[in-house]
Amino acid sequence: MKKFFKGLIRRPVALISFITLIILYMTMFFCEFFSPYTPTDIFKDHSYHPPNLVFYSDRHGFGPQVRKYALINQITWEYAPLKGEYERVNFFARGPGYLFWGLFKTDIHFWGINAPYTENGRTWKEGGQNYPVFLFGADHLGRDLFSRVLYGSRISLTIGFLGTVISLTLAIILGGLAGYYGGKIDWFVMRFAEFFILIPGLYLILFLRSIFSRNMDSGQSFILITMILAFVAWPGRARVIRGMVHAIKREDFIAAAQLQGIPSLVIIFRQIIPQMTSILIIWVTLGIPGFILGETVLSYLGLGIIDPAVSWGVLINKDITSLGNLKNFPWFLIPGVFLLLTTLAFSFLGDLFRDILDPYFKERK
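Numbered per our numbering, the sequence shown spans residues 2 to 366.
Quick look at the structure:
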């Protein structure tokens, strides 16, 4: 940890990446609090609304404010700002009710416009101080894109983490057993892994997903996608672990443990696997963005998470339909920007871990 924090100080890019990931995961855990609305809240007559958050106006001076717009063309969804029409953004504002971490019910959000619901519980009142705040604009149904990005990070980032953990667990168990015992176990595990390695990863993912029904709810799709991505990722890592275990088991301290009668599984997980901690940490930091991209591809192709559930892949699928669509509504690229930032942040952090855990690497002073 001392080397890690020294590396962060010496590498501004790694430090920025580390802070970015902390912010992403904090907003993921508390997305109900940080997002002003739920991902399914629809604002009528605000489809394709541009971002309207400003920080200065002649009316209110400095501070976060909402600028009001008027819809002037409902065919092209062209908006024009209303002169002098601003409303202040409130911190710790009231909004949609939610269970904070599933423990207690509240309707307090970090920021937003205080706006009560109408009698149906889901349609927001129009006019007055109830004009919505769109930090990243609105989608084709008038849903707040900022709230949808935050809620979408919960599925995308969770799939990335769980998929990496599952694939590494399979690789450690199967690769460790093959490398330690050798013989028939080694031959069977390696031939099984090589069979899947020969098939291009994307084709294998699409094939496995097409086997199962598309008529699944969000929870079933989440579990299925995670398992498919983990199943496709483990063979290559198992081969590397098998080779490392095969080399480490020849060391003297392993022979001493065997002479003491320590069970083989205890030797594998207590003495051999810790020797590979460096490469496992690197695989985690570089594997998570790969799983996130895998979920994005499946959702973009309509084989992943399905609306009304939201992930970054779903947002890209629903909003980025053509180049003309992006030209008229460029804020639809924001989910892709979040995806790119997350991938780069994990990559730069993985480079830092690789260097500080490499015994042959010397940091330049």
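Note that CB positions come from ideal geometry on N, CA and C, so glycine has one too.
- Annotation: the continuous beta strand (DSSP E) that includes GLU86 extends over 79-89.
- Residue pairing of GLY113 in beta bridges, as defined by DSSP: ASN91.
- A residue is called buried when at least 16 other Cβ atoms come within 10 angstroms of its Cβ; VAL267 does not meet this threshold and is exposed.
- For GLY153, same chain residues with a beta-carbon under 6 Å away, outside a window of 5 residues either side, are VAL311, SER312, TRP313 and LEU316 in chain order.
- Going by beta carbons, LYS4 and ILE357 fall inside the 8 Å limit.
- The residue from LEU294, HIS110, VAL233 and GLY305 with its alpha-carbon nearest to that of PRO336 is LEU294.
- With contacts defined as CB atoms closer than 8 Å, ILE249 and ILE173 fail to qualify as a contacting pair.
- Separation of the CB atoms of THR165 and GLY305 is rounded to 17 Å, and the pair is thereby denied contact status at 8 Å.
- Distance between LEU230 and LEU171, taken at the CA atoms: about 12 Å.
- Assigned with DSSP and collapsed to three states, VAL311 falls in coil, not helix or strand.
- In the structure shown, SER348 adopts helical secondary structure according to DSSP, grouped into three states.
- If you ignore the 5 residues before and after ILE73, its C-beta comes within less than 6 Å of the C-beta of GLU79 and ALA81, all in its own chain and listed in chain order.
- Going by beta carbons, PHE111 and PHE35 fall inside the 8 Å limit.
- About 6 Å separates the beta carbons of LEU342 and THR21, which is inside the 8 Å limit, making them a contact pair.
- Residue burial annotation: SER168 is buried, with at least 16 other C-beta atoms found within 10 angstroms of its C-beta.
- Residue pairing by DSSP places PHE105 opposite PHE101 in a beta bridge.
- Residue pairing for ARG68: DSSP places it in a beta bridge opposite TYR87.
- Sorting SER58, ASN115 and LEU340 by C-alpha distance to the C-alpha of GLY161 places LEU340 at the top.
- In the DSSP assignment, LEU54 falls within the beta strand (DSSP E) that extends over 54-58.
- One Cα belongs to ARG12, the other to LEU345, and the distance between them is close to 14 Å.
- DSSP places PHE333 in the helix class (H, G or I) of the three-state scheme.
- With the rule of 3 Cβ pairs closer than 8 Å, the segment 208-225 does not count as touching the segment 136-152.
- The residue among GLU296, ALA194, ARG192 and PRO236 with its C-alpha nearest the C-alpha of LEU225 is GLU296.
- In this structure, the alpha-carbon of GLU88 lies about 8 Å from that of LYS69.
- By DSSP's assignment, ALA139 forms a beta bridge with ASP145.
- A distance below 8 Å between beta-carbons, with the five flanking residues on each side excluded, links LEU16 to the following residues of its chain, in chain order: LEU9 and ILE10.
- Sequence-distant Cβ neighbours of VAL233 in its own chain, meaning closer than 6 Å and more than five residues away, are GLY202, LEU205 and ILE206.
- The beta carbon of ARG243 sits closer than 6 Å to the beta carbons of GLY176, ALA179 and GLY180 from its chain, once the five residues preceding and following it are set aside; these are given in chain order.
- For TYR38, there is no enclosing alpha helix (DSSP H), since its DSSP letter is neither H nor E.
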